[in-house]
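Residue 205 is where the sequence shown ends in UniProt numbering, and the numbering goes up by one at each step. Here the structure is laid out as C-alpha cells; the discussion comes afterwards.
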Amino acid sequence: MQFSSSLLENAVNEFAKLPGIGKKTALRLVLHLLKQDSEDVEHFSETMSRMRNEIKFCQRCHNVADADICSICANSLRKQEMICVVENIRDVIALESTQQFSGTYHVLGGVISPLDGVGPNQLNIDTLIHRVQKEGTSEVIFALSPTIQGDTTIYYIQKKLPAETKVTTIARGIAFGGELEYADEMTLARSLQNRLPVDSYVSSR
Ligand SMILES: [Zn+2]
Numbered sequence: 001m002q003f004s005s006s007l008l009e010n011a012v013n014e015f016a017k018l019p020g021i022g023k024k025t026a027l028r029l030v031l032h033l034l035k036q037d038s039e040d041v042e043h044f045s046e047t048m049s050r051m052r053n054e055i056k057f058c059q060r061c062h063n064v065a066d067a068d069i070c071s072i073c074a075n076s077l078r079k080q081e082m083i084c085v086v087e088n089i090r091d092v093i094a095l096e097s098t099q100q101f102s103g104t105y106h107v108l109g110g111v112i113s114p115l116d117g118v119g120p121n122q123l124n125i126d127t128l129i130h131r132v133q134k135e136g137t138s139e140v141i142f143a144l145s146p147t148i149q150g151d152t153t154i155y156y157i158q159k160k161l162p163a164e165t166k167v168t169t170i171a172r173g174i175a176f177g178g179e180l181e182y183a184d185e186m187t188l189a190r191s192l193q194n195r196l197p198v199d200s201y202v203s204s205r
C-alpha cells in the first residue's frame, strides 16, 4: 500500500496491529476517523488511553474494575458465598450476559498447561484458596474449558479446597441446536453421565 502521507500510514499501521484487522480494514477505519470532527477523534483516543492507564483489577476476584473492588464483588444483592471460577475476563462477560448467575467470580488468568509453561503459580489459584478459606464459601463452580488442561486445573484446585466446600462444574454436553450424530464420543459420553431430570431441564429454559 502506497501512502502520500506518513501520518496516515502510521495510523493505518497502528490499526493493522489489532487482532483480526488487515491493512484494508485498517485503512477504512482510519479514513472514517479522518472524516470525523477532531474533538470526536480526540475523545476516541482519550477513551482508549484512559482505559489502558486507569483500569484496575479487582483485589478479590481479579476481574476488571474501576476501583479496588469490582462492581460484582461490591454488589450486596449477589450471593457472595458462591464463586464461579473462570479462565479470563471474557468468560465473566459471557456468563454475565446469560443473566443466570447471581454469585461472584474468580478469574484464574488461564489454565494449568505445562506444555505452554503455565504452572499453578502463574495463575490466581492461591488467592482463590485463601478466599474460600477466609470467606467460608459454600460453593465453588468451575466454568473452565472442557479440555485436558481445564480438567487438570479443576483437579488441582479441588484437592486444595476445604473438604466442606461444595465443588461443582458447569454441565458439559451437546450444544443447543446441535445434532447428536455430529457430537464427538467424549461429549456424548459426558452428556449421558450428566443427564438431567426432564422437569428441571424444561423449567430452566
Ligand atoms: Zn471482584
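The C-beta atom is built at its ideal place from N, Cα and C for all residues, glycine as well. Just so it is clear, the structure is predicted and the values come from calculations on it, not from any experiment.
Gln-149 is positioned such that its CB atom lies closer than 8 Å to that of Val-111. The Cβ-Cβ distance between Ala-143 and Val-64 does not fall below 8 Å. Scanning the region 107-194 for uninterrupted beta strand (DSSP E) segments of 3 residues or longer gives 139-142 and 166-169, listed from N- to C-terminal end.
About 22 Å separates the Cβ atoms of Cys-73 and Arg-52, ruling out a contact at the 8 Å cut-off.
DSSP places Met-48 within a helical segment (H, G or I) once states are collapsed to three. Boundaries of the alpha helix (DSSP H) harbouring Lys-35: 23-35, taken from the DSSP string.
Contact between Gly-109 and Leu-123 holds, since their C-beta atoms are separated by about 5 Å, short of 8 Å.
For Ile-170, the shortest separation between its Cβ and any heavy atom of ligand 1 does not lie below 7 Å. C-alpha of Lys-23 to C-alpha of Gln-36: approximately 20 Å in a straight line.
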